[in-house]
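Visitor:
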Amino acid sequence: MTVHLMKLSVGVQNADDLRRRHRSMMASQPSMAGPWHITRMFPRRAEEVLDGGSLYWVISGVFAVRQKIIGLEPVTTADGISRCQILLAPEWVTVDPLPRRAFQGWRYLTPEDAPADMGTDKADSQQLYRALSELGLL
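So, in structure tokens, the structure goes:
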């Protein structure tokens, strides 16, 4: 059974900001097939994550985009700590902007609880949703 991961994108304002950071990351490591994210904990359900799972990014309190997870690799960083490198497909899929409370690290996300993909014609509604939320109307 496929399972997804969700992760807060701290310090970014919107999906375009996250894309810029990923493009910069990929430019600094041209040998990598796509962007990556390093996290402290390695998923125990790695096989299920690699069976078609995606990383759903939560930005400013709402699900924003997802990227297919193409690999999970153990790495040791310069500080000598073992971590998990999540390898991501370079393609982005905009998802319904469902609200999500803050959490630490990453969390598993079942396909039933994952937000639906948005069509390209609906992508602007994410900005509208965020604006209405900031005004306290949602």
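Numbering-wise, the sequence shown is residues 0 to 137 according to numbering that gives the first Met the number 0. Ideal placement from N, C-alpha and C gives every residue a C-beta, glycine not left out.
Would you call Gln66 buried or exposed, if buried means 16 or more other Cβ atoms sit within 10 Å of its Cβ?
Guide: Translated into the one-based positions of the sequence shown, residue 66 becomes position 67. Buried, because 16 or more other Cβ atoms sit within 10 Å of the Cβ of Gln66.
Visitor: Report the option in Pro114, Val94, Asp78, Leu71 whose CA atom is closest to the CA atom of Leu49.
Guide: As a first step, residue 49 is located in the sequence shown; it is residue number 50 there, counting from the start. Residue Leu71 is the option with its Cα nearest to Leu49.
Visitor: State the Cα-Cα distance for the pair Asp116 and Ala77, rounded to the nearest angstrom.
Guide: Mapped onto the sequence shown, residue 116 falls at position 117. Mapped onto the sequence shown, residue 77 falls at position 78. The alpha-carbon atoms of Asp116 and Ala77 are separated by roughly 37 Å.
Visitor: Under 8 Å by Cβ, that's how I've got Pro114 and Gly60 pegged, so tell me the actual separation to the nearest angstrom.
Guide: As a first step, residue 114 must be located in the sequence shown, where it is residue number 115. As a first step, residue 60 must be located in the sequence shown, where it is residue number 61. So it is not a contact: roughly 13 Å between Cβ atoms.
Visitor: Taking only three categories from DSSP, how would you classify Arg82?
Guide: As a working note, residue 82 is residue 83 in the sequence shown. Correct three-state label for Arg82: strand.
Visitor: Please identify the residue among Ala32, Ser23, Val57 whose C-alpha is closest to the C-alpha of Ala88.
Guide: If you number the sequence shown from 1, residue 88 lands on position 89. When each option's Cα is compared against that of Ala88, the closest is Ala32.
Visitor: In chain order, which alpha helix (DSSP H) runs of at least 4 residues are fully inside the region 42 to 76?
Guide: 45 to 48
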